[in-house]
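Everything on this sheet refers to the single structure shown next.
Below is the structure:
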């Protein structure tokens with residue numbers, strides 16, 4: 072299993088540009104998440120999904136959009152990029168079928184908006 | 166407001182010493198997690214603590230949970246350089262639909 076994969080690894084955007092961060096998992100997990108991590112900080116939840124076709128906002132959703140048309144894929148769309156969106160973005164997935172389940176993280180996408 | 170507070174946020178220590186990282190949280194929680202993040206890398210799950218008094222150990226790391234005090238500790242025994250990383254705790258608030266609340270992380274540097 073590849074686990075959780077993310078592309079691209081790095082990206083530089085100009086203010087006002089848009090892009091999509093890709094995330095895929097091959098573990099048949101029902102839950103998927105997008106987080107951002109600012110330097111020296113913990114993770115903040117942007118959006119999450121409990122299954123295909125179902126998404127919901129997290130703590131910091133403004134400026135982002137998501138969709139989940141399949142169990143495997145959960146892309147994050149940035150519209151009109153702003154410097155405040157400079158961050159490292161992590162995608163995660165989980166099954167939550169047992170109490171000991173946990174979240175599995177992708178390698179991250181480092182985004183800079185100039 | 167749901168809060169998870171870790172302290173210290175930064176810790177520099179010598180190899181061979183013992184130390185404890187603390188994680189306080191402000192809400193009733195079903196589960197508490199500890200994760201490790203190496204510089205420039207992703208997060209890796211270390212422990213899941215489910216109930217009051219739970220203790221988990223892996224090598225030189227031991228995590229415990231006191232749900233009455235809303236406190237978890239991560240104890241490092243006889244630290245070695247390879248344990249240098251940032252350690253995060255996260256809680257799963259009751260009824261949160263698995264939206265974890267994360268601490269800010271403790272950056273641990275272990276000097277040879």
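Protein chains in written order, with our numbering: chain A, 72 to 185; chain B, 166 to 277. Ideal Cβ positions, reconstructed from N, Cα and C, are used throughout, including at glycine.
Looking at the C-beta of residue i, does it have a partner C-beta in chain A at a distance below 8 Å?
i, result
"residue 265 of chain B", "yes"
"residue 198 of chain B", "yes"
"residue 208 of chain B", "yes"
"residue 260 of chain B", "no"
"residue 219 of chain B", "no"
"residue 224 of chain B", "no"
"residue 270 of chain B", "yes"
Show which residues of chain D have a CB atom less than 9 Å away from the CB atom of residue i.
i, result
"residue 213 of chain B", "Protein chains in the displayed structure are A and B, and chain D is not among them."
Can you check whether the C-beta of residue i is within less than 8 Å of a C-beta belonging to chain B?
i, result
"residue 124 of chain A", "no"
"residue 177 of chain A", "yes"
"residue 135 of chain A", "no"
"residue 165 of chain A", "yes"
"residue 87 of chain A", "no"
"residue 160 of chain A", "no"
"residue 182 of chain A", "no"
"residue 118 of chain A", "no"
"residue 84 of chain A", "no"
"residue 112 of chain A", "yes"
Across which residues does DSSP place residue i in a beta bridge pair?
i, result
"residue 255 of chain B", "B:198 and B:267"
"residue 116 of chain A", "A:106"
"residue 148 of chain A", "A:91 and A:136"
"residue 178 of chain B", "B:275"
"residue 183 of chain B", "BP columns for residue 183 of chain B are empty, so no partner."
"residue 111 of chain A", "According to DSSP, which records beta bridges pairwise, residue 111 of chain A is partnered with nothing at all."
"residue 209 of chain B", "B:201"
"residue 99 of chain A", "Per DSSP, none; premise fails for residue 99 of chain A."
"residue 172 of chain B", "B:187"
Helix or strand or just coil, what does DSSP make of residue i?
i, result
"residue 156 of chain A", "helix"
"residue 248 of chain B", "helix"
"residue 82 of chain A", "strand"
"residue 166 of chain A", "coil"
"residue 173 of chain A", "coil"
"residue 237 of chain B", "strand"
"residue 129 of chain A", "coil"
"residue 215 of chain B", "coil"
"residue 166 of chain B", "coil"
"residue 76 of chain A", "strand"
"residue 260 of chain B", "coil"
"residue 124 of chain A", "coil"
So the beta strand (DSSP E) residue i belongs to, where does it begin and stop?
i, result
"residue 231 of chain B", "226–231"
"residue 193 of chain B", "No beta strand (DSSP E) holds residue 193 of chain B; DSSP gives it neither H nor E."
"residue 220 of chain B", "220–223"
"residue 183 of chain A", "180–184"
My guess is that residue i and residue j are in contact by the Cβ rule of under 8 Å, so how many angstroms apart are they, rounded?
i, j, result
"residue 266 of chain B", "residue 248 of chain B", "About 25 Å; that fails the 8 Å criterion."
"residue 145 of chain A", "residue 103 of chain A", "4 Å"
"residue 244 of chain B", "residue 182 of chain B", "6 Å"
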